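First up is the structure itself, then whatever we jot down about it.
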Amino acid sequence: MLVEEIKDNELLRQFETKTDNGLLTIEYAIQERKIFLTKLCANENEEEERVNEFIISVLDIAQERKFKVVPTNTKIVSFFRKNKRFQELLPPGIKI
3 MLVEEIKDNE LLRQFETKTD NGLLTIEYAI QERKIFLTKL CANENEEEER
53 VNEFIISVLD IAQERKFKVV PTNTKIVSFF RKNKRFQELL PPGIKI
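Per this note's numbering: the sequence shown ends with 98, consecutive numbering throughout.
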């Protein structure tokens with residue numbers, strides 16, 4: 003796995019990890035039992051594979067905490083489209 007340690011920065015409401023190119027973050031908001039993934043911040047030099055591994059790790063955390071995931075960021079929405087195995091994390095009624 004390319005992503006080493008993911009920190010849940012509750013104060014800034016973001017998951018973050020350090021990479022060789024800087025900080026990789028996904029901002030979130032929690033409402034009821036849903037986690038809204040609102041913003042993905044990655045250095046433009048960041049490898050797409052590393053970003054995808056980071057998204058997978060964040061989705062694993064959401065699944066462990068029994069959250070449904072609502073992606074609102076375009077990069078994360080396209081990740082869901084390419085990776086159908088994560089569709090079960092979407093709340094009922096949301097199709098991507």
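For each residue, glycine too, the CB sits at the ideal point set by N, CA and C. Owing to the predicted nature of the structure, the values given are computational and were not obtained by experimental measurement.
Only counting the same chain, and skipping five residues up and downstream in sequence, which positions put a Cβ closer than 8 Å to that of residue i?
i     : result
Lys-9 : Phe-17, Glu-18, Thr-19
Going by DSSP in three states, residue i sits in which element: helix, strand or coil?
i      : result
Asp-22 : coil
Leu-29 : The residue asked about is misnamed: residue 29 is Glu in this sequence, not Leu. Strand.
Between the beta-carbon of residue i and the beta-carbon of residue j, is there less than 8 Å?
i      : j      : result
Val-71 : Leu-42 : no
Asn-54 : Phe-81 : yes
Ile-78 : Ile-58 : no
Arg-52 : Tyr-30 : no
For the ligand FAD, I want to know if residue i counts as a neighbour, meaning its beta carbon is within less than 7 Å of at least one of the ligand's heavy atoms.
i      : result
Val-60 : Summarising the ligand content, the structure contains no ligands, and the ligand FAD is consequently not present.
Counting only the same chain and skipping the five closest in sequence on each side, list residues whose C-beta sits under 7 Å from that of residue i.
i      : result
Glu-48 : Thr-21, Asn-23, Leu-26
Leu-91 : Leu-61, Ala-64, Gln-65, Lys-70, Val-71
To test your reading of the DSSP string, which unbroken beta strand (DSSP E) runs of 3 or more residues are found completely within the segment 36-97?
Runs found: 36-43, 70-73.
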